[in-house]
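Its first residue numbered 1, the sequence shown is counted upward by one per residue in the UniProt record's numbering.
Don't be surprised by glycine CBs; every beta carbon is placed ideally from N, CA and C.
Fair warning: this is a prediction, and the values are worked out from it, not measured in the lab.
Structure, as structure tokens:
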Amino acid sequence: MARKRIITPEKKELIRNLISEYNITSAKDLQEALKDLLGDTIQNMLEAELDEHLGYEKYESTEEAKSNYRNGYTSKTLKSSVGQVEIDIPRDRNAEFEPKIVPRYKRDISEIENKIIAMYARGMSTREINEQIQEIYGFEVSAEMVSKITDKILPQIEEWQKRPLGEVYPIVFIDAIHFSVKNDGIVGKKAVYIVLAIDIEGQKDVIGIYVGENESSKFWLSVLNDLKNRGVKDILILCADALSGIKDAINAAFPNTEYQRCIVHQIRNTLKYVSDKDRKEFARDLKRIYTAPNEKAGYDQMLEVSEKWEKKYPAAMKSWKSNWDVICPFFKYSEELRKIMYTTNTIESLNSSYRRINKSRTVFPGDQSLLKSIYLATVKITSKWTMRYKNWGLILGQLQIMFEGRI
């Protein structure tokens, strides 16, 4: 039996734009569109290569520009898997520029297309990209040249960050993942805040990536307003850790949204006060709280656990009582919905994938490098998200009752 292909809303939007831009009405039209896109990609890479060779960008007035400069183009026809592609090879006045992406006498690029696309999509380090190009062409490229080539996706990232979103999201997760970044010669930790949503269809998607701002009500309000400006009118449940200022920001941007403190983070924050020898027993006691059948039973269990451990670990349970107002909404939901909110498998798996894809990068050379890598990793990861949540129809029906008139 053939596998059913599921097309995400983002892919549908991309296809619609492609059809509109190129007026595609046949397979031949599609092939011509792909040839054009491939040609533009190679052309941009050639321009970046010439920038690297000359030492300055187009229209920039520098000392280097006086000794050598751009001197028009030479047309070249390349053979590719989608047919012949016309490109213009840039020239320099001193005739010293030797293109590396498309060497002087190379006209058949069919075998390298997938490698060029994969190089963009893997979130590879500069060293890995260099190794990839060496494998293809047999020569080295500088880190600066790799950076300039990958900078060509920055407009693509900006377009992705501004893309329209759905009007209503039943559940949204916000979480932070930290990387080492060098700025002004100093290496420090920088947070990347990921906004992961589950839409009406039960499909998950990353709808926002925000790098490196300090947590505050002002910052979170700007994030939530960005979502609103892109079309989001309502969020039913927003799950997050104790991010500074987020509660006030939610009340300001989405006053009807229910803020749910992430149970997994709550448990971790509690157990960090506990010694290894007591951790297993303490975790077992905490489980009695979040598996309680209702809020009252959960609160009673919380008091019992606090009483049991407060002499030995006086700080461990304080946050449960002080934050009970944002922990307790959890108890009114069904087991199916609790499982999504409690396990946070999606956000945890996503963060693990980011770390795995970027495991070779111990330090990013700047915020922009970090953003490019996270974006490319996101595209790669989310392309595999084709299944909706199990029992989503049942969960959606419950949400329609609990949040009447909002779905």
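Cβ-Cβ distance between residue i and residue j below 7 Å
i      : j      : result
PHE331 : GLU295 : yes
ALA176 : LEU221 : no
ILE153 : PRO170 : no
LEU165 : GLY231 : yes
SER369 : ASN358 : no
THR257 : LEU227 : no
ILE347 : PHE173 : yes
Cα-Cα separation between residue i and residue j, rounded to whole angstroms
i      : j      : result
ALA191 : ILE263 : 21 Å
ALA283 : VAL379 : 36 Å
VAL211 : ILE157 : 13 Å
GLY55  : ARG70  : 12 Å
PRO365 : TYR375 : 16 Å
ILE388 : PRO9   : The identity of residue 388 in the sequence shown is Arg, whereas the question assumes Ile. Each residue's alpha carbon lies about 13 Å from the other.
HIS265 : VAL168 : 26 Å
ALA33  : MET341 : 43 Å
LEU371 : ILE250 : 25 Å
ILE109 : LEU78  : Low per-residue confidence applies at ILE109: pLDDT is 49, beneath 50, and the placement is therefore not dependable, though the value from the model is reported in the following sentence. Their Cα atoms are separated by approximately 7 Å.
Residue interval of the alpha helix (DSSP H) (run including residue i)
i      : result
ARG268 : 263-271
LEU236 : Per DSSP, LEU236 belongs to no alpha helix (DSSP H); it is in the beta strand (DSSP E), 234-240.
ALA315 : Premise fails: ALA315 is in no alpha helix (DSSP H) and is neither H nor E.
PHE330 : PHE330 -> no alpha helix (DSSP H), and no H or E assigned at all.
ILE250 : 246-253
LYS359 : From DSSP, LYS359 is part of no alpha helix (DSSP H); its letter is neither H nor E.
THR382 : 367-382
TYR397 : It is worth fixing the name first, because residue 397 is Gly in this sequence and not Tyr. That run of the alpha helix (DSSP H) goes 392-402.
ILE157 : 154-161
Other residues of its chain near residue i: CB distance less than 7 Å, five sequence neighbours each side excluded
i      : result
GLN398 : SER334, LEU337
TRP309 : PHE282, ALA316, MET317
ASN225 : ALA253
Other residues of its chain near residue i: CB distance less than 6 Å, five sequence neighbours each side excluded
i      : result
HIS178 : LYS189, ALA191
ILE19  : none
LYS390 : none
GLN301 : ARG288, ILE289, ALA292
ARG261 : ASN323, VAL326, ILE327
ILE207 : LEU165, VAL195, ALA197
Min CB distance residue i to chain D below 7 Å
i      : result
GLN156 : Considering every chain present, this structure includes no chain D. It has just one protein chain.
Residue(s) in a DSSP beta bridge with residue i
i           : result
residue 443 : Residue 443 lies beyond the stretch modelled for the chain, which goes from 1 to 407, so this question has no answer here.
VAL168      : ASP234
PRO90       : TYR73
First and last residue of the uninterrupted beta strand (DSSP E) at residue i
i      : result
ASP276 : Run containing ASP276: none in the beta strand (DSSP E); it sits in the alpha helix (DSSP H), 276-290.
ASP199 : ASP199 -> no beta strand (DSSP E), and no H or E assigned at all.
TYR210 : 204-211
Neighbourhood of residue i by C-beta, 8 Å cutoff - its chain only, sequence neighbours within 5 removed
i      : result
ASN68  : LEU54, ASP92, ARG93, ASN94, GLU96
SER319 : ALA242, GLN266, ASN269, THR270
LYS76  : GLU86, ILE87, ASP88, ILE89, VAL102, ARG107
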